[in-house]
Amino acid sequence: MFSSLRRLARTVPVCGLLLMVPLLADAKPYKSAEVFTLDSELYGKYVIRMRAGKGSGLISAFFLWKEGSELEDVFWEEVDIEVLGKDGANAWQSNIITGLGTKITSEEVHPASGLGDSYHTFTLEWTPDRVRWLIDGQLVREVNGNQASALTSPAQARMNFWPANIAEWVGPFDDSILPVHMYINWMEYHRWDGQNFQLSWRDDFDSLDPSRWGTADWTFAENSADFTPSNVTTRDGYLVLSMTHEGQEGYNGTPPQDTDEGTPEPDPEPEPDPEPEPEPEPTPGTIGCSVTGLNQWGSGYQMDVTVTNDTNSAINGWVATLGFDQDPQVTNSWSANVQASASDIVASSLSWNANLAPGSTATFGVLGNANGSISTPDCTATAN
490 MFSSLRRLAR TVPVCGLLLM VPLLADAKPY KSAEVFTLDS ELYGKYVIRM
540 RAGKGSGLIS AFFLWKEGSE LEDVFWEEVD IEVLGKDGAN AWQSNIITGL
590 GTKITSEEVH PASGLGDSYH TFTLEWTPDR VRWLIDGQLV REVNGNQASA
640 LTSPAQARMN FWPANIAEWV GPFDDSILPV HMYINWMEYH RWDGQNFQLS
690 WRDDFDSLDP SRWGTADWTF AENSADFTPS NVTTRDGYLV LSMTHEGQEG
740 YNGTPPQDTD EGTPEPDPEP EPDPEPEPEP EPTPGTIGCS VTGLNQWGSG
790 YQMDVTVTND TNSAINGWVA TLGFDQDPQV TNSWSANVQA SASDIVASSL
840 SWNANLAPGS TATFGVLGNA NGSISTPDCT ATAN
């Protein structure tokens, strides 16, 4: 509930919050920390070995963020892992937030014991049309199509540790627990090559690589602290994000040791692709097309469209035409090249979803505005 409410006002991206007026980063009595990758990536697997901060009111977060999502005319794209420090840090929350103007937020809270007492491995897998959350190698949540298909822009990876001032969501904050810390042993990024994840880099945090990481020096209305680089420390091969009183920034302790490194099994090397055989011409027949999901709110709508190869031969590309009874006023699309003209939308395949074996499907999505309700359009498709 509060995850969606707290995203309604902001100009600085911090785990999905939106502040209408930026606040100076030295105006609050508490200080906390955030780091973020300088590069943005499109798709991939993110693996982080972390020990959350424990205490009421605390959030230990890892999330993917499309830069500029907070701007009024930019489509918002975000995926979150948020460990709730209250009640002994025995639960975490997964979120996807997308939308232009009106935001669509899907969130779930997951029980997990000991997140503030020992290290755990969190994994986000992001591919076209799918997002998966895992903890310690166990799949917890998976989203296919719908919002997952709307995540089409490169995103930064961000980690932050902060005290939220929304007691109904995270519990009341008690500053007597300060200083308190979030510990990260290591992080990996595996790029997506269209079929498999391939390890791109691993950071063991022997130091903070300035060519990879930036540190935050801002705040936002729902944060009781300011982010400061002074509360970002590397020590003994661990990244430490600290929360302190003002004037007591920094970390002088020894990070708790990770007694079970939790290094995931490496991705298997993919078998070499066989030499491609000449593909036959598609058999004349039908290419199916159907609207598999239509959601409407106010003057906006979102729909998913599925193209199916109903012939008995593989096809090397497809074009789908949607016929509406009014101007569809498209504002965004994903997983296809989409052009709108009058009351029609013409969508053509991308390189990664062009080849469809017999019986295979490809799904794309469209977001738009409508004057009143919009009817399900007629849909036809042909092979290239």
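Just so you know, we're using this note's numbering here: the sequence shown kicks off at 490 and counts up by one. The beta-carbon is built from N, C-alpha and C at its ideal position, and this holds for glycine as well.
Sub-8 Å separation of residue i and residue j beta-carbons
i: L667; j: H599; result: no
i: A639; j: W823; result: yes
i: A825; j: S837; result: yes
i: V808; j: T865; result: no
i: G660; j: S583; result: no
i: S521; j: F611; result: no
i: N579; j: A601; result: yes
i: T795; j: T852; result: yes
i: L573; j: I537; result: no
i: L783; j: N821; result: no
DSSP state of residue i mapped onto helix, strand, coil
i: A550; result: strand
i: K520; result: strand
i: P600; result: strand
i: W565; result: strand
i: A639; result: coil
i: K592; result: coil
i: P757; result: Residue confidence is low: P757 scores 45 on pLDDT, short of 50, so the model does not pin down where it sits. Its coordinate-derived value is still stated next. Of the three classes helix, strand and coil, the one that applies to P757 here is coil, per DSSP.
i: K575; result: helix
i: A705; result: coil
i: N784; result: strand
i: S719; result: helix
Cβ neighbour criterion (16 or more within 10 Å) applied to residue i
i: G590; result: exposed
i: A791; result: What sits at residue 791 in the sequence shown is Gln, not Ala. Counting Cβ neighbours within 10 Å, Q791 comes out buried, since at least 16 surround it.
i: Q627; result: exposed
i: N842; result: buried
i: N685; result: exposed
i: T594; result: buried
i: W690; result: exposed
i: P699; result: exposed
Cut-off 6 Å between Cβ atoms - residues of its own chain near residue i, not counting five sequence neighbours on either side
i: Q828; result: V835
i: Y532; result: W615, T616, W681
i: L811; result: I834, P866, C868
i: Y519; result: S713, A714
i: D528; result: none
i: M648; result: V524, F551
Beta-bridge partners of residue i, as assigned by DSSP
i: N633; result: R619
i: W823; result: G854
i: L628; result: L623
i: I537; result: F611, M676
i: I586; result: E567, T594
i: G777; result: T797
i: S830; result: D833
Residues near residue i by beta carbon distance below 7 Å, same chain, minus five either side
i: E754; result: Only weak support is given to the placement of E754: the predicted model assigns it a pLDDT of 47, under 50, and the value that follows is read from those uncertain coordinates. Counting only Cβ-Cβ distances below 7 Å, and skipping sequence neighbours, we find nothing.
i: D576; result: none
Sequence-distant residues of the same chain with beta carbon closer than 8 Å to residue i, five excluded per side
i: A831; result: D816
i: D725; result: T743, P744
i: T775; result: D799, T800
Minimum Cβ-Cβ distance from residue i to chain B less than 8 Å
i: G533; result: You won't find chain B in this structure, because it holds only one protein chain.
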